[in-house]
Amino acid sequence: MSGRLPVRKTYKLFIGGAFPRSESGRTFEAQGQNVARASRKDARDAVKAARGAFATWSGATAYNRGQVLYRLAEMMEARSADLAATCSGADEVEAAVDRVVWYAGWTDKLSQVLGASNAVAGPYFSFSVPEPTGVVAIVVPESPALLGLVSRVAPALAGGNAVVAVASESHPLAAIELAEAAATSDLPAGVLNILTGRRAELAPVLAAHMDVNAIDVTGAGEVGAELEALAADNVKRVVHGGDGQSPWEISAFLELKTVWHPIGT
Amino acid sequence: MADLDRTRVPAAAPLAWEYAPAPESRDVVRFQERYGLFVGGELVDPRSAEWYSTIEPANEDHLADIALAGEEDVDLAVRAARDAFENGWSTLPGSERAKYVFRIARILLERSREFAVAESLNSGKPIKESRDVDVPIAAAHFFYYAGWADKLEYAFPNRRPQPLGVAGQIIPWNFPLLMLAWKIAPALACGNTVVLKPSHTTPLTALLFADACRQAGLPPGVVNIVTGDGRTGAAIVRHPDVDKIAFTGSTGVGKDIQRAIAGTGKRLTLELGGKAANIVFDDAALDQAVEGIVNGIFFNQGEVCCAGSRLLVQESVHEQLIAKLKRRMGTLRVGDPLDKNTDVGAINSREQLERIEELVESGREEGAEIFQPECVLPERGFWHAPTVFTNVAQSYRIAQEEIFGPVLSVLTFRTPEEAVEKANNTAYGLSAGVWTEKGARIFWMAERLRAGVVWGNTFNRFDPASPFGGYKESGFGREGGRHGLEAYLRFE
Chain U
1 MSGRLPVRKT YKLFIGGAFP RSESGRTFEA QGQNVARASR KDARDAVKAA RGAFATWSGA
61 TAYNRGQVLY RLAEMMEARS ADLAATCSGA DEVEAAVDRV VWYAGWTDKL SQVLGASNAV
121 AGPYFSFSVP EPTGVVAIVV PESPALLGLV SRVAPALAGG NAVVAVASES HPLAAIELAE
181 AAATSDLPAG VLNILTGRRA ELAPVLAAHM DVNAIDVTGA GEVGAELEAL AADNVKRVVH
241 GGDGQSPWEI SAFLELKTVW HPIGT
Chain E
266 MADLDRTRVP AAAPLAWEYA PAPESRDVVR FQERYGLFVG GELVDPRSAE WYSTIEPANE
326 DHLADIALAG EEDVDLAVRA ARDAFENGWS TLPGSERAKY VFRIARILLE RSREFAVAES
386 LNSGKPIKES RDVDVPIAAA HFFYYAGWAD KLEYAFPNRR PQPLGVAGQI IPWNFPLLML
446 AWKIAPALAC GNTVVLKPSH TTPLTALLFA DACRQAGLPP GVVNIVTGDG RTGAAIVRHP
506 DVDKIAFTGS TGVGKDIQRA IAGTGKRLTL ELGGKAANIV FDDAALDQAV EGIVNGIFFN
566 QGEVCCAGSR LLVQESVHEQ LIAKLKRRMG TLRVGDPLDK NTDVGAINSR EQLERIEELV
626 ESGREEGAEI FQPECVLPER GFWHAPTVFT NVAQSYRIAQ EEIFGPVLSV LTFRTPEEAV
686 EKANNTAYGL SAGVWTEKGA RIFWMAERLR AGVVWGNTFN RFDPASPFGG YKESGFGREG
746 GRHGLEAYLR FE
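One line per chain: the protein sequences are U and E, in this order.
Sequential numbering from 1 applies to the first sequence in my numbering.
Sequential numbering from 266 applies to the second sequence in my numbering.
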């Protein structure tokens, strides 16, 4: 009985910048660990935290958002070994870090690539700018646990949205590990919230929630149709994304605002 | 037209204008006695064997008998569209597709008087609007999107755009031809074929458009027009061989459609209701603002999804602005849609008139103060006087619900922050207006208003090059501009 006993990690939720247990007190076993099993109430709390953080994040300059996301990549790189232990390994971590860097560079280019100045037939200046949709719920693909999560969450964050992500049910540890990197980056509390637990229990709550503006069903699998139907309650944007990287993945989480003003003397 | 020759006594204005009626000739349009469905390039009798009468809302006179498409009819139209898509249209070079669409734009302009008169007869809107707004902008949409047809790969770098297939399009009665143009022009330019359902009450310009398609030599089945009611629309939405639904109409129906196609993989764009705030600051040019307010709520009788139906006035100019507004309302000419003097025409249907009247009644009951200029409304037809409510609380139904009529609700604010808070306090997010002489404030407001279109020191401006569409429960997707192409393409 000699030597030091290691301190074990408790795998908890990530809501509003804090790491609470599920208010229900429930856990479930995944990847050989006890992981918090979020309740419907936790899902609603996460939406509330996201809504609270949205004004700050969407109101930050695009330059600042880019820097914060780059900082997230730095924090992930520093935790490479820990992240690798939760997913398929070092290659997946490297791809995930690179993807965050790629999206970090997009924040201040979106309005030039996706926006427009409109040649209207009259003495008016008309221009269109992309804006974040608001609170976005993301049902993360089951696998790859880390790269799948990052591929869906990074474009939503780069666009200035606040996110509630439901982690892979079979491999939730990568999401918690990422949350720890996020918590030590400069990402404002509540901008990224991560729920672990039963996806069939959590995703419908988010799909039906009246304060969620969009739901990403890319990783939803067979419950996708049910989520799409629930989304109609408040005309949520339903996002079917891909697993690659592209500005169009960001654009799926954006609105377009057109502004007009007369030109005169 | 004796019943439309009236004298008005403006309540707040010490002016009594007499106008000599200047009606546009209705002889420029000759309707057929009845119209079948436009399927596969021909007007065909409906398999449903059902017909209904379409009327002139200004006097309830019968205009023509219209086919009511049933499920089988919709199926035939979708087959015709699929056939046209597979056999030529989708593989036609973009430059050739463009020329068809250019032809349509030209024909609409050549026949613009006919279309304008038909539109005013069937919808009730003033001829000066159908003549100066609806028809020319509809033609401009075709011209604009025609030019995109052979340039799609430049619109979406690295994406290899492809048409979707058959687009099912369902449009409302407030801008029948213009909404048709917003739907059909980008769909065709992108290489899709179309099954379009005009509104039950306003099918005629869509049927004239079918004739324009024939005139343009458009291959049969590329455009199909199925007239009918909500059941017809539902059949389009549920048809398994439709690849995309584009709907403009009420938020309630939009939600039903979103639910109905959940999990089918059909693409969807929705342009739904609104309750736009038109915000006037104390430094605004008030006379210009009054013109913008009048345009915002009385254009097309207020039957406009982006109508400025909530007027938010900074407290310090409230009294002055409302006095000016009332005076201006006294000079509005309500009456014969075909009269070139008319500012406010007929309400589109009895059903809509009843909805407006019910909401106006709720405004009185909830405690708002009503003002209507004195005007003699024609006895026959569907009419509603221009109406403004003051002393409106945010909780009143007239401040919350879309009225879709010439009814304005006035609220006040003190600070820009309060204006933003109140403007955004709605489930809708289609449009907003801001009136101020301070440039920085326009941008400050524009950044914070959760609406798809923000008009600064103007209102109700539309252009094919300018994307239009909503935030929140006003829908998703954009019509107009490069962004309007996205709704009709998939990417490889």
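Every residue gets a Cβ at the ideal spot worked out from N, C-alpha and C, and that includes glycine.
Please read all numbers here as calculations on a predicted model, not as lab measurements.
- When only Cα atoms are considered, E/D547 and E/F733 end up about 28 Å apart.
- When Cβ pairs closer than 8 Å are counted between the two stretches, the stretch 434 to 443 of chain E is seen to touch the stretch 385 to 396 of chain E, the count reaching three or more.
- Nearest Cα to E/A633 within the set E/P643, E/T652 and E/E619: E/T652.
- Between U/G16 and U/A49, the C-beta gap is smaller than 7 Å, which places the two residues in contact.
- Counting only residues of its own chain and dropping the five nearest sequence neighbours on each side, E/I331 has a CB closer than 6 Å to the CB of Y300, Y317, T319, P468 and T492.
- By alpha-carbon distance to U/Q67, the top candidate from U/A85, U/A38, U/I138 and U/W102 is U/W102.
- As DSSP reads the structure, U/Y124 sits in a beta bridge with U/P262.
- Sequence-distant partners of U/H171 (beyond 5 residues in either direction) whose C-beta falls short of 8 Å from its own C-beta, in its chain, are A30, Q31, T86, C87, E142, S143 and A145.
- Within the same chain, and ignoring the five residues on either side of E/L714 in sequence, the residues whose Cβ sits closer than 7 Å to its Cβ are V685, A688, N689 and A697.
- Leaving aside the five residues that flank U/A95 on each side, the residues in its chain whose CB is nearer than 7 Å to its CB run, in chain order, L147.
- Residue pairing for E/I635: DSSP places it in a beta bridge opposite E/F654.
- U/N234 sits in a helix when the DSSP states are folded into three classes.
- Classified as buried, E/P638 has 16 or more neighbouring CB atoms from the shown chains inside 10 Å of its CB.
- Checking the DSSP bridge columns, you'll see U/T218 has no partner listed.
- Three or more Cβ pairs closer than 8 Å define a contact, and the stretch 285 to 297 of chain E falls short of that threshold against the stretch 738 to 753 of chain E.
- For E/A730, same chain residues with a beta-carbon under 8 Å away, outside a window of 5 residues either side, are Y409, G745 and G746 in chain order.
- The DSSP-derived three-state label of E/A420 is helix.
- In this structure, the alpha-carbon of U/A121 lies about 13 Å from that of U/F127.
- Taking C-beta atoms as the reference points, U/A181 and U/R79 count as a pair closer than 7 Å.
- U/R237 belongs to the set of residues whose beta carbon lies under 7 Å from a beta carbon in chain E.
- Of all residues in the stretch 339 to 370 of chain E, none has a C-beta nearer than 8 Å to a C-beta of chain U.
- Those residues of the stretch 104 to 124 of chain U placed with their C-beta closer than 8 Å to a C-beta in chain E are A116, N118, A119, V120, A121, G122 and Y124, ordered along the chain.
- Nearest neighbour of U/F28 by Cα position, chosen from U/K109, U/A137, U/R37 and U/P20, turns out to be U/R37.
- E/Q480 and E/I372 do touch by the CB rule: their CB atoms are close to 5 Å apart, below 8 Å.
- Here E/V672 carries a strand assignment [DSSP, helix/strand/coil].
- One alpha carbon belongs to U/G221, the other to U/R199, and they sit about 11 Å apart.
- Around the beta carbon of E/G482, fewer than 16 other beta carbons sit within 10 angstroms, so the residue counts as exposed.
- The count of Cβ pairs closer than 8 Å, one atom from the stretch 571 to 586 of chain E and one from the stretch 535 to 547 of chain E, reaches three, so the stretches are in contact.
- Under the DSSP assignment, E/Q585 falls outside any beta strand (DSSP E), being part of the alpha helix (DSSP H) whose first and last residues are H583 to M594.
- Proximity of U/P262 to chain E, defined by a Cβ-Cβ separation below 7 Å, is satisfied.
- The three-state reading of DSSP puts E/T497 in helix, counting H, G and I together.
- Short of 6 Å from the beta carbon of U/G159, and not among the five residues preceding or following it, lie these beta carbons of its own chain, in chain order: P132, I250, F253 and L254.
- Excluding its 5 nearest sequence neighbours in each direction, E/P602 has C-beta neighbours in its own chain below 7 Å: A323, S385, G389, K390, P391, I392, G610 and A611, listed in chain order.
- Approximately 7 Å separates the beta-carbon atoms of E/V459 and E/N489; this is inside 8 Å, confirming the contact.
- Under the Cβ criterion of 7 Å, U/A156 is not counted among the residues facing chain E.
- Annotated three-state conformation of E/K393 is helix, per DSSP.
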